[in-house]
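Residue numbers (the numbering used here): 11 to 155.
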C-alpha cells in the first residue's frame, strides 16, 4: 500500500471560478482582492489567475474577518504578519537542523564503540550500544589433559 501524499498547499491549481466557489465568494471579489494585494494568486503564461489551497484558506479567513467587521487594510496587515510568522517558522526549522548537523559533526561529538557483533559503530555523544537481551548460560569446560 502506498503512502498518501499531502497536497502541496502552495501549488497554484484552482482557476478563479473554482477558487470563488471553494471560498464562498464571487469571482469579482477575488479579482478585487488581487488588485489591492490582499490575496494575490499566481498567473499562468496566458495571464489567468491560479489559486492554491493556501489562497483558499486565506480567502475564507478574509471572509470571516470581514464578517467580523474588520477593515480591508487591517486584514491585509494580519495576512502579512501571518506570512511573516510562517517564514520565521521555516527559518527556525532550518537553523535548528544546521545546529543539529553542526553538533553531530563537531570533533568529540561522535563516539566509536563495539557493537553486539563486534563491529565498530558510531554513536552520538551520550548514547550506548544496544545490548543483546539473549540469555547465555556459561559452563566451564573440564580441563583438557
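Note that CB positions come from ideal geometry on N, CA and C, so glycine has one too.
Bear in mind the structure is a predicted one, so any value in this text is a computation, not a measurement.
**Item:** Contact the segment 63-72 vs the segment 103-122: 3+ CB pairs below 8 Å
**Value:** no
**Message:** Does the contact criterion of 3 or more C-beta pairs under 8 Å hold for the segment 80-91 versus the segment 43-63?
**Reply:** yes
**Request:** State the CB to CB distance for the pair residue 23 and residue 60, rounded to an integer number of angstroms; the pair is presumed to be in contact (CB under 8 Å).
**Result:** 7 Å
**Request:** Run the CB neighbour count on residue 77, radius 10 Å, all protein chains shown included, and call it buried at 16 or more, exposed below.
**Result:** exposed
**Message:** What would DSSP say about residue 111, mapped onto helix, strand or coil?
**Reply:** Three-state DSSP puts residue 111 in a helix.
**Extent of the continuous alpha helix (DSSP H) to which residue 27 belongs** = 26-33
**Item:** residue 130 - DSSP class collapsed to helix/strand/coil
**Value:** strand
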